[in-house]
Amino acid sequence: MSETSHHPDRFKLAWLERVLGAPSGALASFSAKPVGTGQMSLSFRLTLDWKNNEGPASVIAKCPSLDAGTRAIAAALRAYALELGWYRELAPQIGVACPRCLHLESNADETDFILLLQDLAPAQQGDQLAGASITQIESALAQAARLHAPYWGDPRLSQIGWLQPSPNTTALIRQMTPAVYTQFKSRYATRLSPDVLDLCDAFIARIDAYFDLKPAALTVQHRDFRIDNILFEPGDKTAYVVDWQTLGPGAGAADLAYLIGTSIADAGVRAREEERLVALYVDGVRALGASADAEQVWREYRLYAFSGVLMAIIASTNVERTERGDEMFAVMAERPARQALHLESLSLL
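For the sequence shown, counting from 1, position 186 maps to 186 in UniProt numbering; every step adds exactly one.
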């Protein structure tokens, strides 16, 4: 880093003035308040007191977790590097509604960084525990279509070097999953029902087949596309996507299944609405120029119902534990497990 450390309590007025393009001495003071529920990184709302309204009233600052273990996992998974790559390169060219990047900088290996982002208030973060409304899901799917359509089946995707998963990262996730599942199962043995745990057992037994899946068409995939990572304007008609630390090439249907599976709290509502929602998404990517096959998208949607289960298993055992986090990961395993049972997803592996 240059004139600043990675945490807002180390920020200097002169540094903020410079990176926000304001004259020297224009900023009288600032205050920082934690926002969001992220665990891999920390986010703060900086309220800025300008002497003559020279800059924005507030911005969002994002920096690494203070937990050493979480930072080590983030480094192994290249989580910080991926988000920095998104804001440097892909966000300006892909028409997804997301915060505008005002400034970013990092150390050489991108394990320490600061992002200053547009404050989208009064837009509010979705609530993973409470679940999403169908209106919120529809608004989020419109952004999923905008994310996936530009690189749908495009060979240029493989030329974005920083986006590609390293063999070491892929091998690490494949190797660690059965091991951390033992820890996950022990932690949630009394929280999750026997049929959900039985499905998880069967899924882990076929985990190699899951990791070996080859999507019909690769595209830019968010990979953590759930309600906690989406902000909604009042009325829920406009959605903004945040948290780009899991970005990578993959199946668009995986983001779709993950969103619907983890974010709709009522299994009956999800079962009733999901085919219509998938069709709405297919229409959306086609309208943006992607040659999506509806039957193939539906099949991959069924297969990737397990994506929420997998994320819950891995993430719950590799970030700093909190009470909300424990319940969130239980919900993130339970809801998509019900989805996979309903869709008979195991039969496709």
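Quick reminder that beta carbons are idealized off the backbone N, C-alpha and C, glycines included. Only a predicted model underlies this, so the values are computations on that prediction, with no experimental measurement involved.
Check                                                                                                                           : Outcome
At least three beta-carbon pairs within less than 8 Å, the stretch 222-238 to the stretch 246-263                               : yes
The stretch 177-194 contacting the stretch 288-297, beta-carbon criterion three pairs below 8 Å                                 : no
contact_flag[the stretch 137-153, the stretch 88-106] where n(CB pairs < 8 Å) is 3 or more                                      : yes
Under the three-state DSSP convention, the category residue 51 falls into                                                       : coil
Close Cβ partners of residue 2 (< 7 Å) along its chain, the five nearest in sequence each way excluded                          : Low confidence applies here, because residue 2 scores a pLDDT of 39, under 50, leaving its location unreliable and the question unanswered by this model.
Selection from 59, 303 and 280 that minimises the alpha carbon distance to residue 116                                          : 59
Selected residue, minimal CA-CA separation from residue 73, among 330, 218, 200 and 169                                         : 169
Closest by C-alpha distance to residue 79, when choosing among 283, 41, 335 and 268                                             : 41
Buried versus exposed call for residue 182 [16 or more other C-beta atoms within 10 Å across all chains shown]                  : exposed
Residue burial classification, residue 52 (beta-carbon count within 10 angstroms, cutoff 16)                                    : exposed
Meets three-Cβ-pair contact criterion under 8 Å: the stretch 271-286 and the stretch 127-143                                    : yes
DSSP-derived helix/strand/coil call for residue 4                                                                               : Below a pLDDT of 50, predicted positions are generally treated as unreliable, and residue 4, at 39, falls in that range; the measurement from the model is reported next regardless. Residue 4 falls in the coil class under three-state DSSP.
Range covered by the beta strand (DSSP E) that runs through residue 281                                                         : Taken as a continuous stretch (DSSP letters only), residue 281 belongs to no beta strand (DSSP E), being part of the alpha helix (DSSP H) at 267-287.
Closer than 7 Å to chain C by CB, residue 141                                                                                   : Here chain C cannot be found, since the structure has a single protein chain.
Residue from 303, 218 and 215 whose Cα sits closest to the Cα of residue 258                                                    : 303
Whole-angstrom distance between residue 76 and residue 112, CA atom to CA atom                                                  : 13 Å
Secondary structure, beta strand (DSSP E): runs of 3+ residues fully inside the stretch 195-270                                 : 218-221, 230-232, 239-241 and 248-251
DSSP-derived helix/strand/coil call for residue 185                                                                             : helix
Identified DSSP bridge partners for residue 34                                                                                  : 44
Cut-off 6 Å between Cβ atoms - residues of its own chain near residue 146, not counting five sequence neighbours on either side : 95 and 96
Nearest-angstrom Cα separation, counted from residue 263 out to residue 131                                                     : 5 Å
Closest by C-alpha distance to residue 175, when choosing among 286, 84 and 205                                                 : 205
Within the stretch 93-177, ranges of the alpha helix (DSSP H) (whole runs, at least 4 residues)                                 : 134-148
Cβ-based burial, residue 29 [other Cβ within 10 Å; buried from 16]                                                              : exposed
Cβ pair residue 123, residue 240 closer than 7 Å                                                                                : yes
Residues of its chain near residue 345, where Cβ-Cβ distance is below 7 Å and the 5 sequence neighbours each way are ignored    : 302, 303, 305 and 306
Minimum C-alpha distance to residue 200 - residue among 243, 339 and 320                                                        : 339
Contact set for residue 329: own chain, Cβ-Cβ below 6 Å, skip 5 residues either direction                                       : 312 and 316
Best match in 253, 244 and 288 for proximity to residue 213 [C-alpha to C-alpha]                                                : 253
Nearest neighbour of residue 337, chosen from 196, 281 and 56 [CA to CA]                                                        : 196
Cα-Cα separation, residue 4 to residue 49                                                                                       : Unreliable placement is indicated for residue 4, whose pLDDT of 39 sits below 50; no coordinate value is reported for it.
7 Å Cβ cutoff met for residue 6 and residue 98                                                                                  : no
Nearest-angstrom Cα separation, counted from residue 288 out to residue 144                                                     : 11 Å
Rounded distance between the beta-carbons of residue 207 and residue 177, thought under 8 Å                                     : 6 Å
Terminal residues of the beta strand (DSSP E) in which residue 58 lies                                                          : 58-64
Segment limits, alpha helix (DSSP H) that includes residue 301                                                                  : 294-303
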